[in-house]
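Undergrad: For reference, the structure I am asking about is given below.
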Amino acid sequence: MRRDRLRVAAYSVLIGTVLLALWQAAVAGKPAGKSIPGPAAVAATAAHMLAHPFYDNGPNDKGIGLQLAASLGRMAIGYTIASVIAISLGVVLGLSPTLYRAVNPYVQVLKPISPLAWMPLFLYTIRDSAQAAVLVIVMSSLWPTLANTAFGVASIKRDYLNVAAILQLSWPRRLVTVILPAAAPAIVAGLRISVGSAWVAIVAAEMLIGGTGIGYFVWNEWNNLALTSVIFAILAIGLIGVLLDAGLGRLSRRLSYQE
Amino acid sequence: MTPYLLVDHVSKTFPPADGRGEGLCVFEDVTLEIARGEFVTMIGHSGCGKSTLLNIIAGLERPSRGGVVLEGREVPRPGMDRMVVFQNFSLMPWMTAFDNIRLAVRASHPMWSRAEVAAHVHRWVDMVGLAGAETKRPAALSGGMRQRVGLARAFSTEPKVLLLDEPFAQIDALTRSVIQDELVRMWSASRNTVFMVTHDVDEAILLSDRIALMTRGPQARLADQVEVKLARPRRRAELIDDPEFLRLRTHILRFLVEGSLAPA
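Protein chains in written order, with the numbering used here: chain H, 303 to 561; chain D, 60 to 323.
See the structure below:
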């Protein structure tokens, strides 16, 4: 077990080193402007940006920490709204096979729509780009949680519901002590997919709405032709994505159960 | 006088799978009267619908015809007056053994404080020999230990009727006899009315006051009822030489094997 993990770590480091070396070799000796920056240049920018992550010199010049915080804040609002809607609706659909089948065609049509496609409608109706971005996040993180919750609730073992019926648990109690814990593994699996798609959507949404956020930052740095910043921001986006997923992975382990 | 628990001309027909035709009649016209404090066991082959009948008494399934009356009132829906001990235990796997019992105690005693509930749960944990295992989840417990939780959950709510659905079928033989003895001990103290379903003849004779025999399904019928007049407490070791035990055992086994009745 320990040996295995050591070996995996060794391979990981090796692969990373090779990729960095290939990157460096590909750009070495080429004049700036003819190729993307190399790892060394990106590392220098990263060190500089991480030294002052929260500075604020006006609308077009903020530290990367502030930009990430803006994105995460926006996402927290949209994701929370979406999760509450999706879990509530999912429980209802999961408990009623008829309703589930009646609503399913609409969900199937809405699901494959890129959340960004809604942006013009949101901008037109609410006329506030920050809120429109939040709504894009809602649209991006609604469907996986909804589908998983409905499935999880629909597949709760009859036995558990029978026990709840015999004990004559009130509706709120039944929901909190039986339905939600029984469906929790499926719900969290949905939440995990949703947090990923929300994080993917936020970058694109912020490129469109501008102002603050990591997506806007990437686009702004591209306009400044500051490619080292763009590359560092891309890596930061990936890293935050990993952390979000790990957080929900931990939650999933806590709520899982063995029959 | 109406009996304490009355299963009144109950039939169960499952609708046909293709939506046409007559459907499958599992059992027909079963009438069974159970007195207060009586331990009645129904015995029959798999497929005679005895678990279905138990579920109908519990209110978990609807009869096609007939009904169930408890203390003069029809009981078509599940309720705390009829607790079930399930063959597959049906414990909430995300809760500890303690919390599984506590869920039932809280439901049956809504006015109790948390401390009172906890004390009652602890009493039952000790009573069924779960002490030390109460913080574990069902997946970490053996079949025998899980059914101890199931029994504690049912007994702790002090139901009017206990419904035992092949409670020992999934427990290994050695543990089974220990838990059977524990069941007898708890039942002797509480004197609940019990309806049990099993296909284990020895178990039925050891535990019951009366045994109801079902013919083979489909269209199973209640063929006969046998009084068990062995004195309690019954000891396993003494029973096996008891002529009355042997007579009952032979009678029931012959019925099950031949599917018809020999004179008792």
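Glycine residues also receive a C-beta, built at the ideal position from the N, C-alpha and C atoms.
Note that this is a predicted model, so its numbers are computed, not measured.
Quick one: list the residues of chain H neighbouring Trp-183(D), beta-carbon separation under 8 Å, in chain order.
TA: Residue mapping note: residue 183(D) aligns to position 124 of the second sequence, counting from 1. In chain order: nothing, as chain H lies at least about 15 Å away.
Undergrad: Using the C-alpha atoms, what's the distance from Gly-392(H) back to Leu-448(H)?
TA: Residue numbering aside, residue 448(H) sits at position 146 when the first sequence is read from its first letter. Residue numbering aside, residue 392(H) sits at position 90 when the first sequence is read from its first letter. Going from the Cα of Leu-448(H) to the Cα of Gly-392(H) covers about 5 Å.
Undergrad: Could you spell out where the alpha helix (DSSP H) holding Asp-306(H) opens and where it closes?
TA: Translated into the one-based positions of the first sequence, residue 306(H) becomes position 4. Looking at the DSSP string, the run of the alpha helix (DSSP H) that includes Asp-306(H) is 304-329.
Undergrad: Answer with buried or exposed for Ala-346(H), where buried requires no fewer than 16 other C-beta atoms within 10 angstroms of its C-beta.
TA: Sequence index remark: in the first sequence, residue 346(H) carries index 44 (1-based). Looking at its Cβ environment, which holds fewer than 16 other Cβ atoms inside 10 Å, Ala-346(H) is exposed.
Undergrad: Using only the alpha-carbon positions, how far apart do Val-134(D) and Val-411(H) sit?
TA: Your numbering for residue 134(D) matches position 75 in the second sequence. Your numbering for residue 411(H) matches position 109 in the first sequence. Their backbone Cα atoms lie some 45 Å apart in a straight line.
Undergrad: Closer than 8 Å, CB to CB, is Glu-561(H) near chain D or not?
TA: Translated into the one-based positions of the first sequence, residue 561(H) becomes position 259. True, the Cβ-Cβ gap to chain D drops below 8 Å.
Undergrad: Select from Val-220(D), Leu-222(D) and His-310(D) the residue whose C-alpha is nearest the C-alpha of Ile-264(D).
TA: As a position in the second sequence, residue 264(D) is number 205, starting the count at 1. Out of Val-220(D), Leu-222(D) and His-310(D), His-310(D) has the C-alpha closest to the C-alpha of Ile-264(D).
Undergrad: With DSSP as the reference, label Leu-154(D) as helix, strand or coil.
TA: What you label residue 154(D) is simply residue 95 of the second sequence in a count that begins at 1. Correcting the residue identity first, residue 154(D) is Met in this sequence and not Leu. Met-154(D) falls in the coil class under three-state DSSP.
Undergrad: Thr-257(D) lies in the beta strand (DSSP E); which residues open and close that run?
TA: In the second sequence, counting from the first residue as 1, residue 257(D) sits at position 198. It spans 252-257 - the beta strand (DSSP E) in which Thr-257(D) sits, taken as one unbroken run.
Undergrad: Just to check my reading of the structure: Ile-458(H) and Ala-485(H) have Cβ atoms closer than 8 Å, yes? What is that Cβ distance to the nearest angstrom?
TA: Along the first sequence, one-based indexing puts residue 458(H) at 156. Along the first sequence, one-based indexing puts residue 485(H) at 183. Between Ala-485(H) and Ile-458(H) the Cβ distance is about 6 Å, and since that is below 8 Å, they are a contact.
Undergrad: Measure the C-alpha to C-alpha separation of Trp-521(H) and Ile-160(D) and round it to an integer number of angstroms.
TA: In the first sequence, residue 521(H) corresponds to position 219, counting from 1. In the second sequence, residue 160(D) corresponds to position 101, counting from 1. Distance between the alpha carbons of Trp-521(H) and Ile-160(D): 58 Å.
Undergrad: Rounded to whole angstroms, what's the CA-CA distance from Gly-118(D) to Glu-81(D)? Just pull it up for me.
TA: Taking the second sequence and counting its residues from 1, the one referred to as residue 118(D) is at position 59. Taking the second sequence and counting its residues from 1, the one referred to as residue 81(D) is at position 22. The straight-line gap from Cα to Cα measures roughly 24 Å.
Undergrad: Below 8 Å between beta carbons: does that hold for Ser-443(H) and Ser-499(H)?
TA: On the first sequence, residue 443(H) is found 141 positions in, with the first residue counted as 1. On the first sequence, residue 499(H) is found 197 positions in, with the first residue counted as 1. Yes. Within cutoff.
Undergrad: Listed in chain order, which residues of the region 130-141 of chain D have Cβ atoms closer than 9 Å to some Cβ of chain H?
TA: Cβ contacts with chain H: Arg-136, Pro-137, Gly-138, Met-139 and Arg-141.
Undergrad: Just to confirm my understanding: we take His-354(H), look at its own chain, exclude 5 residues before and 5 after, and list those with CB closer than 8 Å. What are they?
TA: Mapped onto the first sequence, residue 354(H) falls at position 52. So the list reads Gly-365, once near-sequence residues are dropped.
Undergrad: Relative to the C-alpha of Val-532(H), which candidate in Asn-359(H), Phe-356(H), Pro-339(H) and Ile-468(H) has its C-alpha closest?
TA: Start at 1 with the first residue of the first sequence, and residue 532(H) comes out as number 230. Nearest C-alpha to Val-532(H): Pro-339(H).
Undergrad: Does the count of Cβ pairs from the region 87-104 of chain D and the region 248-257 of chain D closer than 8 Å reach three?
TA: Touching, yes, given that three or more Cβ pairs across the two stretches are closer than 8 Å.
Undergrad: Kindly list, in the order they appear in chain H, the residues whose Cβ is closer than 7 Å to that of Lys-163(D).
TA: For the purposes of this step, residue 163(D) is taken as residue 104 along the second sequence, with counting starting at 1. Per the sequence shown, the amino acid found at residue 163(D) is Ala instead of Lys. Chain H residues near Ala-163(D): Leu-469.
Undergrad: By how many angstroms is the C-alpha of Gly-103(D) removed from the C-alpha of Leu-127(D)?
TA: Taking the first residue of the second sequence as position 1, residue 127(D) is located at position 68. Taking the first residue of the second sequence as position 1, residue 103(D) is located at position 44. Rather than Leu, the amino acid found at residue 127(D) in this sequence is Val. Those two C-alpha atoms are separated by around 20 Å.
Undergrad: Looking only at C-alpha atoms, which of Lys-219(D), Pro-169(D) and Ala-177(D) sits nearest to Ser-472(H)?
TA: In the first sequence, counting from the first residue as 1, residue 472(H) sits at position 170. It is Pro-169(D) whose Cα lies nearest to the Cα of Ser-472(H).
Undergrad: If the cut is a Cβ gap below 7 Å, which residues of chain D does Pro-483(H) touch?
TA: Walking along the first sequence from the start, residue 483(H) turns up at place 181. Ordered by position in chain D, the residues that pass the 7 Å Cβ test against Pro-483(H) are Trp-153.
Undergrad: Using the beta-carbon count (16 or more within 10 Å), is Pro-292(D) buried or exposed?
TA: Taking the second sequence and counting its residues from 1, one reaches residue 292(D) at position 233. Exposed, since its Cβ has fewer than 16 Cβ neighbours within 10 Å.
Undergrad: Given Pro-322(D), which residues of its chain have a CB within under 6 Å of its CB, disregarding the five upstream and five downstream residues?
TA: The residue you call residue 322(D) lines up with position 263 of the second sequence. Residue placement at Pro-322(D) is poorly supported in this model, since its pLDDT is 46, which falls under 50; the coordinates still yield a value, given next. Cβ neighbours of Pro-322(D) beyond the five flanking positions: none.
Undergrad: Would you call Pro-226(D) buried or exposed, if buried means 16 or more other Cβ atoms sit within 10 Å of its Cβ?
TA: Position 167 of the second sequence, counting from 1, holds the residue named residue 226(D). Buried, since its Cβ has 16 or more Cβ neighbours within 10 Å.
Undergrad: Whole angstroms are fine: how far does the CA of Leu-210(D) sit from the CA of Met-245(D)?
TA: As a position in the second sequence, residue 245(D) is number 186, starting the count at 1. As a position in the second sequence, residue 210(D) is number 151, starting the count at 1. Taking the straight line from one Cα to the other gives about 9 Å.
Undergrad: Relative to the C-alpha of Ser-385(H), which residue among Asp-430(H), Val-497(H), Ser-558(H) and Asn-526(H) is closest?
TA: Here residue 385(H) corresponds to residue number 83 of the first sequence, with the count starting at 1. Out of Asp-430(H), Val-497(H), Ser-558(H) and Asn-526(H), Val-497(H) has the C-alpha closest to the C-alpha of Ser-385(H).
Undergrad: In the DSSP output, which residue or residues are listed as bridge partners for Ile-270(D)?
TA: Counting from 1 along the second sequence, the entry for residue 270(D) is found at position 211. DSSP lists Thr-100(D) and Val-285(D) as partners of Ile-270(D).
Undergrad: For Ile-93(D), does the three-state DSSP call read helix, strand or coil?
TA: Along the second sequence, read from residue 1 onward, the residue named residue 93(D) stands at position 34. Looking at Ile-93(D) - three-state DSSP - the assignment turns out to be strand.
Undergrad: Quick one: which chain D residues come within Cβ less than 7 Å of Asp-461(H)?
TA: As a first step, residue 461(H) is located in the first sequence; it is residue number 159 there, counting from the start. What Asp-461(H) touches in chain D: Phe-145, Asn-147 and Ser-149.
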